[in-house]
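Have a look at the structure below before the remarks.
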Ligand SMILES: Nc1ncnc2c1ncn2[C@@H]1O[C@H](COP(=O)(O)OP(=O)(O)OP(=O)(O)O)[C@@H](O)[C@H]1O
Ligand SMILES: [Mg+2]
């Protein structure tokens, strides 16, 4: 009975933006009276909630006394209602009741990229997986920059805002600092996170798509080195760049967690791409579209190499592995279609 009523209520409260309005009481129940804390961000706590419909969601409670939080709430609800992509953490609903504002997101069971890079609790991420994560993030950003109408600039790309789903595919979270390009191009106070901020933005106070590209470049170096930008990542990178002339030799900054298990050529290529992203001159940085192309080509090549190795090995052994279906990877370089499940197309790299 409760289940049935719950379903009916939800169906009735779909807002004009396509986002569901959740009742405070339901969320209170689903979070065991707000005791299932997952984390604490700049704007308030995040809870895990088990809804009576069976779905698990993440509830972000915005601090009520924060004016910024209020603005962020409205921006996020408005923006996210129309943004859907397999590499974005989709907003599924909101709650505005009892003086509280909450955002309800799809639950990402493997947590943040930062927790995988820096917490001892998690197994180190392999190089192969890190490149896939970089491509996932690039696709999410490419959608925001070139797929969304009007375009959206994220403004706070960093490893704690990249979340991983059950199959370790990455999605971009937190559009709280997003602004549509047309609106508010100039804002008076600096926003974003220290260590990821485009120096050009700091001096001109103008945030562009290329500022996101800069933060993305920092994020790639973070993936390569397993080091936080707040702990001197970029000084480390600049030092390495002096020896590498921006091209080869980047393996000297490779995360020791790789234990030597990475493709040197691939790491050098990814680092060279990241180095272009952090160019001081914004117009010399690649676009997210260029980045998606480079990374997906790289992964296609890797897959072909593996496939080739696999087929020569199997030919030599005259052995057919029936559990390994041949993996052709028809990749469209620019995916636009929506998907709620990143595992929907397992052949995609
Ligand atoms: N949809 C989600 N699914 C699972 N965990 C989430 C989800 N959203 C947030 N979290 C977790 O909750 C924690 C807090 O997130 P939150 O976005 O509030 O803070 P933050 O990203 O650390 O910093 P900032 O406030 O600058 O974004 C993070 O550690 C994140 O891993
Ligand atoms: Mg966040």
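In the UniProt record's numbering, the protein residues as written are 1 to 349.
Even for Gly, the Cβ is constructed at its ideal location relative to N, Cα and C.
Setting aside the 5 residues that flank it on each side, residue 45 is surrounded in the same chain by 37 and 61, each with a C-beta closer than 6 Å to its C-beta; the list follows chain order. When secondary structure is reduced to three states using DSSP, residue 105 falls in the strand class. Checking the 7 Å criterion, the Cβ of residue 122 is out of range of every heavy atom belonging to ligand 1. Here DSSP, grouped into helix, strand and coil, assigns residue 256 to helix.
Residue 298 counts as buried, since no fewer than 16 other beta carbons sit within 10 angstroms of its beta carbon. Relative to ligand 2, residue 160 has its C-beta within less than 7 Å of a heavy atom.
Here residue 237 is near residue 253, since their CB atoms are less than 8 Å apart.
Residues of the same chain with a CB within less than 7 Å of the CB of residue 166, apart from the 5 flanking positions on each side, are 109 and 110 in chain order. With a threshold of 7 Å, the Cβ atom of residue 173 counts as near ligand 2, since some heavy atom of the ligand is closer than that. Here residue 197 is not near residue 152, since their CB atoms are 8 Å or more apart. The alpha-carbon separation between residue 40 and residue 308 amounts to approximately 46 Å. Look at residue 111: its beta carbon is less than 7 Å from one of the heavy atoms in ligand 1.
Rounded to whole angstroms, the separation of the alpha carbons of residue 171 and residue 240 is 29 Å. CA-to-CA, the gap between residue 143 and residue 291 works out to about 12 Å. Looking at 311, 160, 155 and 169, the one whose alpha-carbon comes closest to that of residue 205 is 155.
Classified as exposed, residue 199 has fewer than 16 neighbouring CB atoms from the shown chains inside 10 Å of its CB. The DSSP-derived three-state label of residue 214 is helix. By the Cβ-count criterion, residue 208 is buried, with 16 or more other Cβ atoms from all chains shown falling within 10 Å of its own Cβ. In this structure, the alpha-carbon of residue 93 lies about 8 Å from that of residue 77.
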